[in-house]
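K.L.:
Handing you this structure, nothing more for now.
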Amino acid sequence: MGHAKLAWLRPYIRRHRGSLLAVMALAAATSVLAAAQPYLSKLIIDDGLIGRHFDLLVELCAAIVVLASCGFALGALNRLLYVRLSGKILFAIREDVYAHILTLPPRFFRVRPVGDIVTRLDGDVAEIQRFSTDAVLAVVNGVLLLIFSAVIMTLMSVRLTVAAACILPLHLLLRYRARRHVSDSTREVRESRGVITHFLFETLGAAKAVQSAGAERWERDRLGSLNKGLLQRLVRQQLVGYTIGALSGVLSHLTTAVVFILGGWQVIHGSLTVGTLVAFTAYLARGTGSATSLMGLYTAYQRAEVSLKRVQELRDAEPMRPRGGGSRVLEARSAPIRFQDVSFRYPDAGQMLFEHLTLEVAPGSKVVLFGESGVGKSTLVELLRGFAEPTCGAILLDCVDLSDYELHSVRRRIPVLETEPVLFRGSILDNIRYGNFDASADRVMEVARRTGVESFVFALPDGYATELGLRGMGLSTGQRQRIAVARALLGSPFALVLDEATSNLDAAAVGFMHELIDRHCGERTRIVITHTPHSVPRADRILELRDGSVHECPGAHAYA
Ligand SMILES: Nc1ncnc2c1ncn2[C@@H]1O[C@H](COP(=O)(O)OP(=O)(O)OP(=O)(O)O)[C@@H](O)[C@H]1O
Ligand SMILES: [Mg+2]
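Position one of the sequence shown corresponds to residue 57 (the numbering used here), numbered consecutively onward.
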């Protein structure tokens with residue numbers, strides 16, 4: 057198992073160098089204040105009580121109160137700075153990783169459950185941030201307090217300090233031996249959480265399908281068994297943490313016992329004052345406390361490292377890279393589309409899907425494409441829109457290679473209408489505008505009028521501002537499809553693809569859709585993928601995709 061590389065976190069920390077230094081300085085000041093306390097109690101016992109100076113006693117008590125108050129004030133200020141700082145770091149990391157994920161190819165989303173991504177983006181990023189900020193405070197506090205305590209203890213009694221220090225290696229050994237258990241138990245818990253998050257996403261996102269299948273009980277039992285697995289892993293994680301804590305507590309008590317026996321012997325024989333022994337044990341408690349928390353940091357680091365690796369895997373996923381990485385913008389105009397000698401095979405598939413496929417689509421024509429399920433119709437569209445790259449051959453848009461274009465413009469100018477339009481939670485207006493965010497409300501409404509959205513929008517309680525539910529719930533399929541058409545037209549398409557867009561609609565609605573598209577998009581190329589080629593009105597050509605190449609079916613006009 058390789059070590060996680062922390063380098064990528066550096067910029068996030070560096071950006072907040074100033075605040076981080078302030079936090080450290082405040083932590084240092086707090087440590088100094090905390091370190092002064094036991095020494096004051098030594099003075100109270102030895103000089104005030106045993107020396108019988110009541111005035112001094114009162115002054116020392118006042119000093120303790122003042123110091124403690126200052127300590128609390130500084131602590132509060134520090135916490136405030138710390139929360140703001142850690143929040144900023146957390147959100148910056150999360151936004152960057154999220155932005156990266158959105159550049160990843162379809163393959164990534166196919167193999168990786170969305171719940172897994174969410175758990176990494178949410179829980180794991182929080183874990184890293186918690187560690188990276190907590191660690192700073194803990195290290196500053198712990199190291200300073202440890203040094204102060206050790207110095208003062210040595211000044212008070214070298215012999216007792218050496219005796220106490222002898223137990224330290226046992227602490228280190230304990231942490232070292234436990235490291236494998238810590239990272240294993242942490243990773244198991246995080247993985248379990250990912251599985252459960254995904255389960256919830258999948259089943260709640262398709263609650264209706266679950267109900268239709270009468271699978272409510274089954275799914276609940278499935279959650280039950282997933283929870284049972286998580287519980288086992290949580291218990292194991294807790295057990296590991298608790299065992300480490302308990303063993304290190306026993307070691308601390310062992311240290312205290314050794315010091316009391318040795319120191320007590322000295323006090324009884326008059327070579328050490330009571331105040332010194334009391335103060336020494338107080339420093340010892342602080343010293344072992346900071347040593348323990350520094351070693352706890354090692355455990356925390358191992359947990360954070362697990363999360364770090366999980367987030368790093370997301371960051372390291374290869375983004376989609378257009379072949380040429382061109383800068384040309386695809387304009388909305390009537391121009392030919394040409395598949396030239398295209399061969400294609402999915403990276404993880406055995407055999408070629410297309411071999412030397414050539415297809416020329418004339419500007420402004422309406423082409424119907426059909427073929428057996430799984431023959432590669434949708435894949436052809438993926439190639440056309442740069443979601444996949446031909447293994448060899450070229451795709452020419454307006455006589456220019458696809459890879460010379462800026463990918464965004466290609467995808468925006470060649471919208472695809474699918475069987476289930478993708479709508480987002482939000483208003484109808486926002487849903488039409490999706491992808492053309494700068495379109496004015498007037499223009500959106502004008503397009504909505506042309507595409508028949510307006511006719512049903514007026515019947516809705518809030519008109520265009522009506523909020524849609526998840527995936528456009530609350531509208532009929534035909535209505536959702538009209539919104540999708542409006543969205544496509546708003547982007548001034550170069551060409552329009554219908555991939556079984558009308559297969560959920562009745563004959564009248566299909567007729568309406570084609571009427572709409574041909575009327576408003578008649579001068580643009582339209583590619584219609586369907587299983588019922590002869591039901592498509594006004595087709596210029598009918599093509600069959602078979603055995604990895606395209607075959608012309610004569611007589612398209614006969615069905616027009
Ligand atoms: N991302 C992918 N990775 C690997 N193989 C894939 C991928 N997507 C599709 N395939 C395979 O490629 C073939 C073509 O799939 P495609 O979706 O293009 O078919 P289709 O003609 O659109 O079928 P349908 O009419 O059922 O929609 C199928 O055998 C499918 O299993
Ligand atoms: Mg398909």
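From the three backbone atoms N, C-alpha and C, an ideal C-beta is built for every residue, glycine too.
Only a predicted model underlies this, so the values are computations on that prediction, with no experimental measurement involved.
#1: Please classify His464: is it buried, with 16 or more other beta-carbons within 10 angstroms of its beta-carbon, or exposed?
#2: Any heavy atom of ligand 2 closer than 7 Å to the CB of Ser559?
#3: Could you have a look at Ile585 and say whether DSSP puts it in helix, strand or coil?
#4: At which residues does the alpha helix (DSSP H) containing Val29 begin and terminate?
#5: How should Phe110 be labelled, buried or exposed, when 16 other C-beta atoms within 10 angstroms of its C-beta is the threshold for buried?
#6: Answer yes or no: the CB of Ala405 versus the heavy atoms of ligand 1, is any distance below 7 Å?
#7: In chain order, what are the residues with a CB under 7 Å from some non-hydrogen atom of ligand 2?
#8: Answer with buried or exposed for His412, where buried requires no fewer than 16 other C-beta atoms within 10 angstroms of its C-beta.
#9: For the candidate residues Ala405, Leu287, Leu256, whose alpha-carbon lies nearest to that of Glu272?
#10: Does ligand 1 have a heavy atom nearer than 7 Å to the CB of Pro471?
#11: Are Gly104 and Leu89 close, meaning C-beta to C-beta below 8 Å?
#12: Measuring only from the beta carbon, is Gly297 closer than 7 Å to any heavy atom that is part of ligand 1?
#13: Any chance you could list the beta strand (DSSP E) runs of at least 3 consecutive residues sitting entirely within the segment 258-307, in chain order?
#14: On the DSSP letters alone, give me the boundaries of the alpha helix (DSSP H) that Val466 sits inside.
#15: Buried or exposed: where does Thr242 fall if 16 or more other Cβ atoms within 10 Å of its Cβ makes it buried?
#16: Terminal residues of the continuous beta strand (DSSP E) containing His607?
#17: My understanding is that Gly508 touches Leu572, with C-beta atoms under 8 Å, so please give their C-beta distance in whole angstroms.
#18: Quick check on Glu416: does DSSP put it in helix, strand or coil?
#19: When you measure from the CB of Tyr461 to every non-hydrogen atom of ligand 1, does any distance come out below 7 Å?
#20: Around the C-beta of Glu361, are 16 or more other C-beta atoms found within 10 angstroms, so that it is buried, or is it exposed?
#21: Can you find a heavy atom of ligand 1 that lies under 7 Å from the Cβ of Arg168?
#22: Which one of Ala81, Ala119, Arg602 has the shortest CA to CA distance from Leu96?
#23: Can you tell me whether Lys433 is buried or exposed? The criterion is at least 16 other CB atoms within 10 Å of its CB, across all chains shown.
#24: Would you kindly work out how many angstroms separate the C-alpha atoms of Ala614 and Ser591, rounded to a whole number?
#25: Select from Ala495, Ile184, Pro419 the residue whose C-alpha is nearest the C-alpha of Trp64.
#26: Which full runs of the beta strand (DSSP E) of 3+ residues lie inside the segment 454-527, going along the chain?
#27: In this structure, does DSSP put Val431 in helix, strand or coil?
#28: Pull the bridge partners of Glu448 from the DSSP assignment, please.
#29: Which of the three DSSP states, helix, strand or coil, is assigned to Leu601?
#30: Give every residue of the same chain whose Cβ lies closer than 7 Å to the Cβ of Ala85, excluding the five residues on either side of it in the sequence, and list them in chain order.
P.N.:
On the basis of the coordinates in this document:
#1: By one-based count along the sequence shown, residue 464 stands at place 408. Exposed, by the Cβ-count rule.
#2: As a position in the sequence shown, residue 559 is number 503, starting the count at 1. No, the beta carbon of Ser559 sits no closer than 7 Å to any heavy atom of ligand 2.
#3: As a first step, residue 585 is located in the sequence shown; it is residue number 529 there, counting from the start. Correct three-state label for Ile585: strand.
#4: It is not possible to answer for residue 29, since the shown part of the chain is limited to 57 through 616.
#5: What you label residue 110 is simply residue 54 of the sequence shown in a count that begins at 1. Under this definition Phe110 is an exposed residue.
#6: The sequence position of residue 405 within the sequence shown is 349, counting from 1. Between ligand 1 and the CB of Ala405, the shortest heavy atom gap is smaller than 7 Å.
#7: In chain order, the residues that have a beta carbon nearer than 7 Å to some heavy atom of ligand 2 are Lys433, Ser434, Asp555, Glu556, Ile585.
#8: Position 356 of the sequence shown holds residue 412. That one is exposed.
#9: Stepping through the sequence shown from its first residue, residue 272 is reached at position 216. The candidate whose alpha carbon is nearest that of Glu272 is Leu256.
#10: As a position in the sequence shown, residue 471 is number 415, starting the count at 1. Answer for Pro471: no, Cβ out of range of ligand 1.
#11: Here residue 104 is taken as the residue at index 48 of the sequence shown, counted from 1. Here residue 89 is taken as the residue at index 33 of the sequence shown, counted from 1. Here Gly104 is not near Leu89, since their CB atoms are 8 Å or more apart.
#12: Numbered from 1 along the sequence shown, position 241 holds the residue referred to as residue 297. Because no heavy atom of ligand 1 lies under 7 Å away, the Cβ of Gly297 does not count as near it: no.
#13: If we require 3 residues or more, the segment 258-307 turns out to have no beta strand (DSSP E) run fully inside it.
#14: In the sequence shown, residue 466 corresponds to position 410, counting from 1. Per DSSP, the unbroken alpha helix (DSSP H) holding Val466 starts and ends at 463-469.
#15: The residue you call residue 242 lines up with position 186 of the sequence shown. With 16 or more other Cβ atoms within 10 Å, it is buried.
#16: For this step, residue 607 is matched to residue 551 along the sequence shown. Counting along the chain, the beta strand (DSSP E) containing His607 begins and ends at 605-609.
#17: Translated into positions along the sequence shown, residue 508 becomes position 452. Translated into positions along the sequence shown, residue 572 becomes position 516. Gly508 to Leu572, Cβ: 6 Å. Contact.
#18: The sequence position of residue 416 within the sequence shown is 360, counting from 1. Of the three classes helix, strand and coil, the one that applies to Glu416 here is strand, per DSSP.
#19: In the sequence shown, the residue the question calls residue 461 occupies position 405. No, the beta carbon of Tyr461 sits no closer than 7 Å to any heavy atom of ligand 1.
#20: Translated into positions along the sequence shown, residue 361 becomes position 305. Flag for Glu361 reads buried.
#21: On the sequence shown, residue 168 is found 112 positions in, with the first residue counted as 1. For Arg168, the CB stays at least 7 Å from every heavy atom of ligand 1.
#22: Taking the first residue of the sequence shown as position 1, residue 96 is located at position 40. Leu96 has its Cα closest to that of Ala119, out of Ala81, Ala119, Arg602.
#23: Residue mapping note: residue 433 aligns to position 377 of the sequence shown, counting from 1. Looking at its Cβ environment, which holds 16 or more other Cβ atoms inside 10 Å, Lys433 is buried.
#24: By 1-based counting over the sequence shown, the position of residue 614 is 558. By 1-based counting over the sequence shown, the position of residue 591 is 535. For Ala614, the predicted structure reports a pLDDT of 45, less than 50, and the residue's modelled location is therefore unreliable. A value from the coordinates is still provided. Take the alpha-carbon of Ala614 and the one of Ser591: they are about 11 Å apart.
#25: Against the sequence shown, residue 64 aligns to sequence position 8. Selection Ala495, Ile184, Pro419 evaluated against Trp64 yields Ile184 as nearest (Cα-Cα).
#26: Runs of the beta strand (DSSP E) inside the segment 454-527: 472-474.
#27: Numbered from 1 along the sequence shown, position 375 holds the residue referred to as residue 431. DSSP places Val431 in coil when its eight states are reduced to three.
#28: Your numbering for residue 448 matches position 392 in the sequence shown. Inspection of the sequence shows that residue 448 is occupied by Cys rather than by Glu. Cys448 pairs with Ser399.
#29: Start at 1 with the first residue of the sequence shown, and residue 601 comes out as number 545. Here DSSP, grouped into helix, strand and coil, assigns Leu601 to strand.
#30: Taking the sequence shown and counting its residues from 1, the one referred to as residue 85 is at position 29. The residues are Leu130.
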